[in-house]
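My numbering numbers the first residue of the sequence shown as 61 and each following residue consecutively. We put the beta carbon where it would ideally sit given N, CA and C, even for glycine.
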Amino acid sequence: MAGVQASLLRTCLQTTPAPGDLLTRKMVTSLPAELADGEEDSCRKEPMPWDFYSPRPYQLRQRPPALLVATSFTMATIHEILGKLSLLGNEEVCQTAYGSLKASTNFDAEKDAAALEAAIKTKGVDEVTIVNILTNRSNAQRQDIAFCYQRRTKKDLNSALKSALSGSLETTMLGLLKTHPQYDASELKGSMKGLGTDEDTLIEIICSRTNPELHAIQASYKEMFKTDLEKDITSDTSGDFRKLMIALAKGKRPEENSVVDYEKIDHDARDLYEAGVKRKGTDAAKWISIMTERSIPHLQKVFDRYKSYCPYDMVESVKKEFNGDMENAMVNLVQCIQNKHLYFADRLYDSMKGKGTKDKMLIRIMVSRSEIDMLKIRKEFKKKYGKSLHYFISQDTKGDYQKALLNLCAGDD
């Protein structure tokens, strides 16, 4: 058994990614001979460390490699090693501390898969069971459920739900089956597919994601659609708007620096003023450079300093200097930099205010932020609009679709 353990450790160490790389299933498919000829793997009841970070969709139509189940000691060792390796991808990709949706305790993927199979086969479809399972499991747990569902039914869970559900509920459930990078990648592809571009979706995702999130999205986009995200953005946009989106999509914004450079803060604030409000016309290149090549904390201080040069705040200045898609993108970017949680609270309010509901926007934000920062978004929502996000959702939606969104909201403030 010592030889097996050593071989397993050697396999892991040989596939160690470079710092910043994403850990994927490809890195752990080469098993030592001692385990390669063993029994067929059973469905996993606990998420493996690579599940959340992997930009690669599950290859469920292929027989998966044998699971590493030699001994409890071996599994614990592998979990520990892979857990540490996964952190190299940067923990920012999975910020669960302020997420409203937590991993289910006593999780059993096989049991959930069986319940979903029964719910889908039920005459009329048992939507309640489907909603209760998928909106009360973490993303990694949902990936395991899909894995087990494929094993027991020989059918893809995504396809099964497409056939069983419809409308906004279907959209929500299918979104929950994707990993976070896959979901953002599919939303971006949808925003640029066919005639015209859904600029609002493109702007929201590109302006609000962190560097690690953008890198994971790029990898998923390439894997899923066999083309580069930047290439599609270039084809579907133009002018300064294109330049801004491409600069942001690269995910190269400097990280926070503990040293505050007050001279550079003042210089950037003055440059923004002189490149915009102070002059006739706008030096868009200067604005794009500063807004995409500085850290978030630095820009927050620049915005404060800007007030000493200009009688208008940043949003007002942007509206005076730009128009169309560029204005929309710059306003969204400024708001994200100032307070990302308030930004999403405002977007959620906009999706439900007045007659009708912008379901696409509502679903996208609820699905994508539920495990990241929904608790902070809820707090900002209640603070600004006087009533809770839970209340607004309950008033603006109905049925099992409402239940799904309320579960993702996970509480009334």
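State buried or exposed for residue i, treating a residue as buried only when at least 16 other CB atoms are found within 10 Å of its CB.
i: D410; result: exposed
i: D321; result: exposed
i: V378; result: buried
i: A157; result: exposed
i: N166; result: exposed
i: T287; result: exposed
i: P272; result: buried
i: K415; result: exposed
i: V362; result: buried
i: G471; result: exposed
i: K338; result: exposed
i: T182; result: exposed
i: P371; result: exposed
i: K400; result: buried
i: N392; result: buried
i: K436; result: buried
i: V188; result: exposed
i: L255; result: exposed
i: Q119; result: Legend: pLDDT at Q119 = 40, less than 50; position of this residue unreliable, no value from coordinates given.
i: F133; result: Unreliable placement is indicated for F133, whose pLDDT of 40 sits below 50; no coordinate value is reported for it.
i: G159; result: buried
i: G299; result: exposed
i: S268; result: buried
i: G446; result: exposed
i: G184; result: exposed
Can the beta-carbon of residue i be found closer than 8 Å to that of residue j?
i: E376; j: L402; result: no
i: A206; j: L237; result: yes
i: R313; j: S355; result: yes
i: A344; j: Y369; result: no
i: A173; j: R212; result: yes
i: V191; j: A464; result: yes
i: K171; j: S198; result: no
i: F301; j: T342; result: no
i: E6; j: Y209; result: Beyond the ends of the chain as shown, which are 61 and 473, falls residue 6; an answer cannot be given.
i: M284; j: S246; result: yes
i: L468; j: S430; result: yes
i: R365; j: D326; result: yes
i: F452; j: M421; result: no
i: Q395; j: Q360; result: no
i: S448; j: D473; result: yes
i: A389; j: L304; result: yes
i: K346; j: A335; result: yes
i: L19; j: S251; result: This structure cannot speak to residue 19, because the chain is shown only from 61 to 473.
i: I1; j: A175; result: Outside the shown range of the chain (61 to 473) lies residue 1, about which nothing can therefore be said.
So residue i is in the alpha helix (DSSP H); what residue range does that whole segment cover?
i: C396; result: 384-398
i: T232; result: 227-237
i: C267; result: 259-268
i: D328; result: 322-334
i: S219; result: 217-224
i: F285; result: 271-285
i: G250; result: 240-252
i: S428; result: 419-429
i: V188; result: 187-194
i: N467; result: 459-469
i: E170; result: 169-181
i: R339; result: Run containing R339: none; DSSP gives neither H nor E here.
i: S295; result: 289-296
i: I453; result: 449-456
i: V362; result: 356-366
i: S349; result: 344-352
i: K442; result: 434-445
i: E376; result: 374-381
i: L516; result: Outside the shown range of the chain, which is 61 to 473, sits residue 516, and nothing can be said about it.
Return the Cβ separation of residue i and residue j in integer angstroms, given the expectation that the two are a contact with Cβ distance under 8 Å.
i: T232; j: T257; result: Actually they are not in contact, since the Cβ atoms of T232 and T257 sit about 24 Å apart, beyond 8 Å.
i: N308; j: T352; result: Here residue 308 turns out to be Leu, not Asn, going by the sequence shown. Yes, they are in contact, since the Cβ atoms of L308 and T352 sit about 6 Å apart, within 8 Å.
i: S164; j: Q201; result: 6 Å
i: I277; j: D244; result: 5 Å
i: E264; j: D385; result: Going by Cβ atoms, the distance from E264 to D385 rounds to 13 Å, so no, they are not a contact pair.
i: S228; j: I350; result: Actually they are not in contact, since the Cβ atoms of S228 and I350 sit about 40 Å apart, beyond 8 Å.
i: Q242; j: S280; result: 5 Å
i: D460; j: T417; result: Between T417 and D460 the Cβ distance is about 15 Å, and since that is not below 8 Å, they are no contact.
At the 8 Å Cβ level, is residue i part of the contact set with chain D, yes or no?
i: G384; result: In the structure shown, chain D does not exist; there is a single protein chain.
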